[in-house]
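Reminder that position 10 of the sequence shown reads as 9 in numbering that gives the first Met the number 0, one-by-one numbering, no gaps. C-beta: ideal position from N, C-alpha, C; glycine also.
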Amino acid sequence: MNLPSFFDAIRAVKPDTFVPDLPVGDNAPPGVAGVEPVPAQQPSFKETLAQAIGEVNDRIQAADTNVRDYAEGKTNDMVKVTTSVEEAALAFQFTLAIQNKLISAYQSIENMQV
């Protein structure tokens, strides 16, 4: 660990927050590693999360449509109905597991001593 860089990073923490105000790229002072900006072509965390939630929602809606079609007699393909319902259930359970991990990580960070 480079101590001067560590202490400079600690001094860069904004008051009343735990988020360091690190300089970007070449604007970093000597001895402090700057944060490289995210390239514009990469999706943000928010966009990636919204896309994943949208895909889960699409699976749930497809399962709902398949169940409705089966109940109305529009289809007799029970395998398709069962498969789509299980896919939607697994996708939703996976989403809840990710949510629980994110909350756990946030709580761990929140409980850190500075």
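Item	Value
Simplified DSSP assignment, three categories, for THR74	coil
VAL78 vs ALA62 beta-carbon contact at 7 Å	no
DSSP-derived helix/strand/coil call for GLN112	coil
Beta carbon of ASN65 nearer than 7 Å to that of VAL55	no
CB of ALA87 within 7 Å of CB of ARG67, strictly	no
THR64 at chain D interface by Cβ criterion, 7 Å	This model lacks chain D altogether; it includes just one protein chain.
DSSP three-state assignment for GLN50, whether helix, strand or coil	helix
Exposed unless 16 or more other CB atoms sit within 10 angstroms - verdict on ALA70	exposed
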